[in-house]
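Enquirer:
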Amino acid sequence: MQFIKSLLLIVLSILGYLYLQSQLSKPKSYTYFPLVTEKEFLEIDSITFESQTEKIFLKKTDQTWQVQEPETGPADAAKVLQALDLLMAVKMIRIVSDQASAWPDYGLDKNHSITLRRGDQMLRKVILGDIPKQGGHYIGFEGIGDGDLIFLIDQSLVVKMSPSAWLLSAKPSN
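Here the sequence shown is numbered in the numbering used here, starting from 1076 and rising by one per residue.
#1: What residues match up with E1115 in a beta bridge as DSSP calls it?
#2: Using the rule of at least 16 other Cβ atoms within 10 Å of the residue's Cβ for burial, across every protein chain shown, is S1088 buried or exposed?
#3: By alpha-carbon positions, which one of M1197, L1203, R1193 and L1183 ends up nearest to E1118?
#4: Determine, using beta carbons only, whether L1183 and V1155 come nearer to each other than 8 Å.
#5: What are the start and end residues of the beta strand (DSSP E) that includes L1191?
#6: Where does the unbroken beta strand (DSSP E) through Q1196 begin, and where does it stop?
#7: Is DSSP giving P1149 helix, strand or coil here?
#8: D1120: which of T1128, H1187, K1130 and Q1143 sits nearest, CA to CA?
#9: Can you look up Q1280 in the DSSP assignment and give me helix, strand or coil?
#10: In angstroms, rounded to a whole number, what distance separates the CA positions of S1188 and F1124?
#11: Would you list the residues sitting across from E1129 in a DSSP beta bridge?
#12: What residue from D1137, F1116, P1149 and Q1138 has the CA that sits closest to I1131's CA?
#13: Using DSSP with H/G/I as helix, E/B as strand and the rest coil, what is K1141?
#14: How long is the line joining the alpha carbons of L1093 and D1173, rounded to whole angstroms?
So, in structure tokens, the structure goes:
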């Protein structure tokens, strides 16, 4: 009789453990993660969009945005604000790593990046994976707290933030 009680307790413990593990591994819902504080958002004065093949550098002068690279000229302010709004509402599912050395494992080693600066100070560098790895799309943040973080994210951000998707110049294209 004691053996049956012990066996039943062990089976119930294993089933309870498996149930808890299955519940903890499921993302409950999206969490909105502030990329920068509202105060920092207002102080951003330069943005760099980079990929392996292109670089777009924007600088805020007075209250207008100017393209500095690849050509000099006014930027489309609505598109700049749209890009910043996307970054301000990152839909994070969960943190997957706090080690920058793990970035290649998540497709973040040679992809797109967006750097936000206030003067000479980097506020954030966001690395966007352009291919799904290990069951999802990932985004890396440099300069959050004391280190770097990798998040599993909503895949739509990756598509929307590709540097080639932004024609930020206010000049008409030829």
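Idealized CB from N, CA, C, for every residue including glycine.
Expert: Result, derived from the coordinates:
#1: None, per the DSSP bridge assignment.
#2: exposed
#3: R1193
#4: no
#5: H1187 to R1193
#6: Taken as a continuous stretch (DSSP letters only), the beta strand (DSSP E) holding Q1196 covers Q1196 to L1203.
#7: strand
#8: That would be Q1143, whose Cα lies nearest to the Cα of D1120.
#9: Only positions 1076 to 1249 of the chain appear in the structure, and residue 1280 is not among them; the question remains open.
#10: 6 Å
#11: Looking at the DSSP assignment, E1129 forms no beta bridge with any residue, so it has no partner.
#12: P1149
#13: Looking at the sequence shown, residue 1141 is not Lys but Gln. Strand, per DSSP.
#14: 26 Å
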